[in-house]
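Colleague: Heads up: the sequence lines are chains A and B, in that order. Under this note's numbering, the first residue of the first sequence is numbered 1, with each subsequent residue one higher. Under this note's numbering, the first residue of the second sequence is numbered 333, with each subsequent residue one higher. We treat Cβ as the ideally placed atom computed from N, Cα and C, and that holds for glycine.
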Amino acid sequence: MPEYAVEAFNIVRTFAAGDVRALDDVTLHVPTGQVFGLLGPNGSGKTTMVRILSTILSPTSGRAIVAGFDVVKQPNQVRHHIGLAGQNATVDENLTGFENIRMVGLLNHLNKPYVVAKARQLLEDFGLANAGNRIVKTYSGGMRRRLDLAAALVAAPPILFLDEPTTGLDPQSRQDLWGIIERLVEGGTTVLLTTQYLEEADRLAKQLVVLDHGKIIAEGTSSELKAQMGTTVVSLNFASIDDALRAQPLVADLTNTPANLDGSILEITVNNGPAVTADALRRIDGAGITLSGLALREPSLDDVFLNLTGHKAEDDPTETPEVSGRKRKARA
Amino acid sequence: MSTLPVSTSNRSSFRWGVSDVLTIARRNLQVLFRIPVAIVFMIIQPIMFVILFRYVFGGVIAVPGFSYVNYLIPGILVQTVIFGSVGTAIGLAEDLQKGLIERFRALPMARLAVLAGRTISDFFRNILVVVIITGVGFLVGFRPGGTFVSYVQACILMLFFAYCLSWGFAFIGLAAPNSEAAQAMTFPLIFPLTFASAIFVPVLKMPSWLRGFATHQPVSQTADAVRGLMDGTPHGISTWMSLAWAAGAILVLAPLAVNQYRKVA
Chain A
1 MPEYAVEAFN IVRTFAAGDV RALDDVTLHV PTGQVFGLLG PNGSGKTTMV
51 RILSTILSPT SGRAIVAGFD VVKQPNQVRH HIGLAGQNAT VDENLTGFEN
101 IRMVGLLNHL NKPYVVAKAR QLLEDFGLAN AGNRIVKTYS GGMRRRLDLA
151 AALVAAPPIL FLDEPTTGLD PQSRQDLWGI IERLVEGGTT VLLTTQYLEE
201 ADRLAKQLVV LDHGKIIAEG TSSELKAQMG TTVVSLNFAS IDDALRAQPL
251 VADLTNTPAN LDGSILEITV NNGPAVTADA LRRIDGAGIT LSGLALREPS
301 LDDVFLNLTG HKAEDDPTET PEVSGRKRKA RA
Chain B
333 MSTLPVSTSN RSSFRWGVSD VLTIARRNLQ VLFRIPVAIV FMIIQPIMFV
383 ILFRYVFGGV IAVPGFSYVN YLIPGILVQT VIFGSVGTAI GLAEDLQKGL
433 IERFRALPMA RLAVLAGRTI SDFFRNILVV VIITGVGFLV GFRPGGTFVS
483 YVQACILMLF FAYCLSWGFA FIGLAAPNSE AAQAMTFPLI FPLTFASAIF
533 VPVLKMPSWL RGFATHQPVS QTADAVRGLM DGTPHGISTW MSLAWAAGAI
583 LVLAPLAVNQ YRKVA
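#1: With 16 as the cutoff for other CB atoms within 10 Å, does B:E512 come out buried or exposed?
#2: Using 8 angstroms as the cut-off, classify the Cβ of B:A502 as near or not near the heavy atoms of the ligand FMN, replying yes or no.
#3: So, helix, strand or coil for B:Y403, using DSSP?
#4: Starting from A:T309, trace the beta strand (DSSP E) in both directions and tell me its first and last residue.
#5: Whose CA, out of A:N100, A:G62, A:L301, lies closest to the CA of A:E224?
#6: Under 8 angstroms by Cβ, that's how I've got B:R450 and B:N360 pegged, so tell me the actual separation to the nearest angstrom.
#7: Specify, as a first and last residue, the run of the beta strand (DSSP E) that A:Q207 falls within.
#8: Between the region 134-152 of chain A and the region 7-17 of chain A, can you find at least three pairs of beta-carbon atoms closer than 8 angstroms?
#9: Compute the distance between the beta-carbons of A:T27 and A:F9, then report whether it is under 9 angstroms.
#10: For A:L192 versus A:L162, is the C-beta distance shorter than 9 angstroms?
#11: Leaving aside the five residues before and after B:F381 along the sequence, list all residues of the same chain whose C-beta is less than 6 angstroms from its C-beta, in chain order.
#12: What is the DSSP secondary structure of B:L361, counted as helix, strand or coil?
#13: What's the gap between the Cα of B:W577 and the Cα of B:F493?
#14: Check each residue of the region 46-58 of chain A: if its Cβ is closer than 7 angstroms to any Cβ of chain C, include it; give the result in chain order.
#15: By the criterion of Cβ-Cβ separation under 8 angstroms, what are the contact partners of B:V363 in chain A?
#16: Within 10 Å of its beta-carbon, does B:I488 have 16 or more other beta-carbons around it, so buried, or fewer, so exposed?
#17: Quick one: list the residues of chain B neighbouring A:N88, beta-carbon separation under 7 angstroms, in chain order.
#18: Could you work out which residue in A:T232, A:I101, A:P258, A:G214 is closest to A:D24 when comparing CA atoms only?
#19: Per DSSP, A:D163 is paired with what?
#20: Which residues in chain B have a C-beta closer than 9 angstroms to the C-beta of A:E3? List them in chain order.
#21: Would you give the residue range spanned by the beta strand (DSSP E) that A:A295 belongs to?
#22: Would you call the region 504-519 of chain B and the region 414-429 of chain B in contact, with 3 or more CB pairs under 8 angstroms?
#23: Between the region 562-576 of chain B and the region 475-486 of chain B, are three or more C-beta pairs nearer than 8 angstroms?
#24: What residue ranges within the region 37-67 of chain A form continuous beta strand (DSSP E) runs of no fewer than 3 residues, ordered along the chain?
#25: Our contact map puts A:L123 next to A:G97 with C-beta atoms below 8 angstroms; I'd like the distance itself, whole angstroms only.
#26: Which one of B:A442, B:A579, B:V463 has the shortest CA to CA distance from B:S498?
#27: Quick check on the burial criterion: 16 or more other C-beta atoms within 10 angstroms. Buried or exposed for A:G230?
#28: Give the interface partners of B:A494 over in chain A, defined as CB-CB distance under 8 angstroms, in chain order.
#29: Give me, in chain order, the residues of the same chain whose beta-carbon lies closer than 7 angstroms to that of A:A201; leave out the 5 immediate sequence neighbours on both sides.
#30: Could you pull the start and end residues of the alpha helix (DSSP H) that B:E512 belongs to?
#31: Around the Cβ of A:D243, are there at least 16 other Cβ atoms within 10 angstroms (buried) or fewer (exposed)?
#32: Would B:F456 count as contacting chain A if we go by Cβ distances under 9 angstroms?
#33: Using 8 angstroms as the threshold, is the region 267-276 of chain A in touch with the region 154-173 of chain A, meaning 3 or more CB pairs across them?
#34: Note down the Cα distance separating A:N133 from B:G391, rounded to an integer number of angstroms.
#35: What does A:V104 touch in chain B if you count any residue whose Cβ is under 8 angstroms from its own?
#36: What is the DSSP secondary structure of A:L236, counted as helix, strand or coil?
Structure follows, in C-alpha cells:
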C-alpha cells in the first residue's frame with residue numbers, strides 16, 4: 001500500500017471571480033489507514049477541500065492525488081475508490097434506507113445480488129435493520145447520518161471522506177458514529193475527517209491540520225499541537241467580571257500566550273503549572289482581589305485553536321464566509 | 333477490496349451508462365408512486381380544466397366541424413403532458429437543492445444519467461396521465477372518430493413533444509435557485525404557449541396580431557395534429573410541424589441543459 005492515500009499539493013480554490021479565496025495554498029499528506037483530521041471553524045475551507053478531493057469541484061490551481069489518481073485528470077478512477085458522507089446527509093428522503101443503499105451500490109456498478117446482500121448487512125451493522133424498509137423521512141438525524149455513511153460504504157471504498165459527520169447530532173449518536181469510524185479504520189480504511197469539534201479530532205484523528213480562512217495555520221498530532229503552547233491551563237474564577245479585569249494585567253507576564261478572559265474566568269496557559277499558579281495567587285491576593293475558584297487542566301484543542309486564531313473554533317468568523325460554488329446552499 | 337464485483341471502467345461503459353439511467357429513472361418513479369397525493373394533484377388540474385371547459389364554457393364555444401368535447405379533450409391532453417414536463421424542472425431543482433446531485437457527482441456513474449433518468453421517468457409519468465385523462469375524457473362524452481391506431485399515434489406524438497420540451501425544463505430546473513422558483517419560472521413560458529393556442533378554442537376568432545402566433549406556435553401545431561389523428565380528420569402538415577418543433581427543441585435544449593448541469597453540479 002502506498003504511504004499516502006490522499007495527497008494535495010498547493011491547492012487554491014477561489015470563488016466569485018477570484019474575490020474569495022476559499023483555499024489558499026493548502027498541502028496535505030494523508031497517511032494510509034488512519035483518521036486524518038481537517039479542523040477549522042465554519043468558512044475555513046474544510047468542505048471546499050473535501051469537495052475537491054472527492055472530484056465534485058475542481059481546484060483553481062494545485063494538484064491532488066487520491067488513491068493514486070489525479071482528481072482532475074482521472075476523476076472516474078478516483079470515484080471508484082472513495083466514499084463520501086457528511087453533515088448534509090444527502091440521502092433520498094423519499095426512498096427507504098434499503099433503497100438508498102441499493103441505489104448507491106448500483107450507481108457504483110456493483111452487481112445486483114451483491115448490492116442487495118451488502119445493503120442488508122450494512123443496515124444490520126449500523127443498527128438500521130428494523131428501519132430498512134421505512135422511508136427516510138421518518139428517520140431521526142442520527143439514523144440519517146448512519147444511513148448516509150452506510151451508503152458511502154456499499155462499495156467498500158478504501159478512502160472515506162467524512163465532512164462534519166457529527167455536526168448537529170446528540171451526544172449518544174455522536175458516540176455511536178465515532179465507534180463506527182474507529183472500527184472502519186481498524187479494518188484498514190483511510191478516513192479524512194473534517195470537524196469543528198476539537199474533541200472529535202482529538203479522539204479520532206492521529207494527524208491534524210488546522211485550517212482558518214483557507215490557510216493551514218497549524219499541523220501535527222493533537223499532542224504536538226497542545227505541546228506548542230504549554231502544558232497546563234490555569235483557570236482563575238472570580239466573583240465578578242470587574243475583578244477578572246483587574247487581575248488580568250497582574251498575570252499577563254506569567255505566560256507567553258495572551259490570557260483568555262471569558263466572563264469572570266481568566267485562563268492562562270503555562271509550562272510550569274504549580275509554580276506559576278502560586279505566583280499568580282500571590283499577586284491576586286496582594287491586590288486585594290478575592291478568587292472564587294481555581295482549576296488546573298490540560299490544554300484542549302479548543303485552547304490551541306483560540307491561541308492560533310484568536311477566535312473559538314465554533315464561532316462563525318466575522319468576515320469572508322465561505323462562498324460555495326452555488327448560491328443555493330450555505331455550506332460550512 | 334480488490335475482490336469486489338466491480339466493473340472496470342473501460343469495459344462496456346455504454347451498458348453501465350444505460351444501467352445508471354435506469355437506476356435514476358427507477359428511483360424517480362418509486363418516489364412518484366410512494367406519494368400518491370402527488371399523482372392525485374397531477375391529474376386533478378386537468379380534470380378541473382375538463383369540467384371547466386366542457387360544462388362551464390363549452391356551451392358557448394362553437395367549433396366548426398367538431399362537437400366541443402371532441403375538440404377539447406385532445407387539447408387538454410396536450411396541455412396536460414406539457415404541464416407534466418414542467419415536473420422535470422421541479423424534480424431536478426429539488427435534487428439539486430437537497431444536495432443529491434452533488435452526491436451523485438462523487439459516484440463513478442455516467443454524469444448525464446441524472447438528466448436522462450429524470451426526463452425518462454417524467455415521460456413514463458406522462459404516459460400514466462394520458463391514460464387517466466383519456467378515461468376521464470370518455471366519461472364526459474369524448475368520442476373520437478379515428479382508429480385506435482391513430483389514437484396511439486396521437487399519444488406518441490404528444491408524449492414525444494413533451495419529452496423534447498422537458499429538456500428545456502431541465503435547464504430551468506438546474507438554473508433556478510430552488511424548486512418553487514423553478515415552477516414559477518416555467519409559468520411565463522407555459523401560459524402563452526398553452527392558452528394562446530388551439531388547445532381550448534380555434535384560433536380563427538382571435539385578433540389578427542395574436543392569430544399568427546397562435547396558429548404557428550408549436551403547441552397549437554401539436555394540438556391540431558393530435559386532434560386530427562384522434563378524430564380521423566385532415567390536419568394538414570401539423571404532424572410534421574409538431575415533429576419538427578420537437579426535434580428542433582431537443583437539439584437546442586438538451587445541450588443547454590447538459591451545459592447547465594456541468595456548471596452547477
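Modeller: So, from the listed chains and residues:
#1: exposed
#2: As for the ligand FMN, it is missing from this structure, which has no ligand bound.
#3: helix
#4: Note, A:T309: premise wrong, no beta strand (DSSP E); alpha helix (DSSP H) at 301-309.
#5: A:L301
#6: 6 angstroms
#7: 207-212
#8: no
#9: yes
#10: yes
#11: I408
#12: helix
#13: 8 angstroms
#14: Here chain C cannot be found, since the structure's protein chains are A and B.
#15: D92, N94, L95
#16: exposed
#17: G431
#18: A:G214
#19: A:G86, A:T194
#20: Within 9 angstroms Cβ-Cβ: nothing; A:E3 doesn't reach chain B, min ~18 angstroms.
#21: 291-297
#22: yes
#23: yes
#24: 61-66
#25: 6 angstroms
#26: B:A579
#27: buried
#28: Simply none; closest approach about 23 angstroms.
#29: G37, L39, T195, L208, S222, L301
#30: 511-527
#31: buried
#32: no
#33: no
#34: 52 angstroms
#35: L439
#36: strand
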